[in-house]
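Written below as structure tokens is the structure these notes are about.
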Amino acid sequence: GQSLEQPSEVTAVEGAIVQINCTYQTSGFYGLSWYQQHDGGAPTFLSYNALDGLEETGRFSSFLSRSDSYGYLLLQELQMKDSASYFCATPGGYQKVTFGTGTKLQVIP
Amino acid sequence: DVKVTQSSRYLVKRTGEKVFLECVQDMDHENMFWYRQDPGLGLRLIYFSYDVKMKEKGDIPEGYSVSREKKERFSLILESASTNQTSMYLCASSSAGQRGEETQYFGPGTRLLVL
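Keeping their order, the protein sequence lines are chains A and B.
Heads up, the first sequence is in the working numbering, so the first residue is 85 and it goes up one at a time.
Heads up, the second sequence is in the working numbering, so the first residue is -4 and it goes up one at a time.
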């Protein structure tokens, strides 16, 4: 089976950098995705790492280490609008995706 | 832009009622999914479909069934609603891929309350 663990809550200051970690245990691993969900909204895709290393998309970066079964999402220059829940997710083979329990990020002034 | 729509944003039903939740996507995606989202439990997969009339059980299929008669439409059915099915239900779609790495596009969700 698949399981992904994330911290339940993180608080950070506007303008700072925050890292949201995700550790996983999977029977077969193809990559790690990240999704953002604002309160009352739908999850939206942020990034996907198929290979080890850092992928950067603007203020957001995502990192994967297959050997450590670990990844993280890095948010830089935090803005109030970044307050949301963030989910890591991994494909489980043939269309199925398993999501982590989510990390609620609160950005404070 | 990909658009996934769900038939209702809020729904209130009574225990024992049959409940239909409908989802429509306009991007000709092969795959469609139903999740439920509960505080502290993240998104849990109920059922998914990779083609018309094809369905696969997810992690928590008990008490649910699905129907996919047309490519763009995927319905979730609660045969006899129970209070423990009170939840947020999210539909998603994605294009076909070998390993499920394709981006999932989510609908706005249906918040179901079963009394």
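We put the CB at the ideal spot given by N, CA and C, even for glycine.
Keep in mind the model is a prediction, meaning the values are calculated, not measured.
Which residues of chain B have a Cβ atom closer than 8 Å to the Cβ of residue i, listed in chain order?
i                      : result
residue 180 of chain A : 40, 43, 51, 53 and 95
Hey, residue i and residue j: beta-carbon distance below 9 Å or not?
i                      : j                      : result
residue 53 of chain B  : residue 40 of chain B  : yes
residue 108 of chain B : residue 81 of chain B  : yes
residue 15 of chain B  : residue 99 of chain B  : no
residue 100 of chain A : residue 190 of chain A : no
residue 0 of chain B   : residue 103 of chain B : yes
residue 90 of chain A  : residue 186 of chain A : yes
residue 155 of chain A : residue 134 of chain A : no
residue 114 of chain B : residue 12 of chain B  : Summary: the structure shown does not reach residue 114 of chain B, with chain B confined to residues -4 through 110, and so no result is reported for it.
residue 139 of chain A : residue 147 of chain A : yes
residue 106 of chain B : residue 4 of chain B   : yes
residue 103 of chain A : residue 168 of chain A : no
Between the options, which lies nearest to residue i when the distance is taken from Cα to Cα?
i                      : options                       : result
residue 171 of chain A : A:151, A:114, A:135 and A:131 : A:131
residue 173 of chain A : B:97, B:79, B:77 and B:91     : B:97
residue 161 of chain A : A:148, A:187, A:93 and A:192  : A:192
residue 145 of chain A : A:96, A:86 and A:117          : A:117
residue 44 of chain B  : B:9, B:30 and B:2             : B:30
residue 51 of chain B  : B:75, B:18 and B:26           : B:26
residue 98 of chain A  : A:163, A:158 and A:155        : A:163
residue 83 of chain B  : B:23, B:33 and B:57           : B:33
residue 111 of chain A : A:166, A:153, A:168 and A:159 : A:153
residue 24 of chain B  : B:101, B:110, B:90 and B:105  : B:90
residue 142 of chain A : A:113, A:124 and A:158        : A:158
residue 66 of chain B  : B:19, B:-2, B:4 and B:5       : B:19
residue 87 of chain A  : A:103, A:102, A:107 and A:93  : A:107
Kindly say whether residue i, judged by its beta-carbon, lies nearer than 9 Å to any beta-carbon of chain B.
i                      : result
residue 126 of chain A : yes
residue 92 of chain A  : yes
residue 117 of chain A : yes
residue 108 of chain A : no
residue 171 of chain A : yes
residue 154 of chain A : no
Can you name the start and end residues of the beta strand (DSSP E) that residue i belongs to?
i                      : result
residue 116 of chain A : 116 to 121
residue 103 of chain A : 102 to 109
residue 155 of chain A : 154 to 159
residue 175 of chain A : 168 to 175
residue 185 of chain A : First-last for residue 185 of chain A: undefined, no H or E at that position.
residue 90 of chain B  : Note, residue 90 of chain B: premise wrong, no beta strand (DSSP E); not H, not E.
residue 133 of chain A : 128 to 133
residue 72 of chain B  : 68 to 73
residue 14 of chain B  : 14 to 20
residue 147 of chain A : 144 to 149
Report the neighbours of residue i on chain A: residues whose CB is nearer than 8 Å to its CB, in chain order.
i                      : result
residue 85 of chain B  : 126 and 127
residue 20 of chain B  : By Cβ distance, chain A contributes nothing, its closest Cβ being about 12 Å from residue 20 of chain B, past 8 Å.
residue 103 of chain B : 125 and 126
Can you pull the chain C residues whose beta carbon is under 7 Å from the beta carbon of residue i, in chain order?
i                      : result
residue 186 of chain A : Of the protein chains in this structure, namely A and B, none is chain C.
Would residue i pass as an interface residue toward chain A - the criterion being a Cβ-Cβ separation below 9 Å?
i                     : result
residue 98 of chain B : yes
residue 28 of chain B : yes
residue 61 of chain B : no
residue 47 of chain B : no
residue 7 of chain B  : no
residue 14 of chain B : no
Whose Cβ in chain B lies nearer than 7 Å to the Cβ of residue i?
i                      : result
residue 147 of chain A : None at all; the shortest Cβ gap to chain B is about 17 Å.
residue 183 of chain A : 37 and 38
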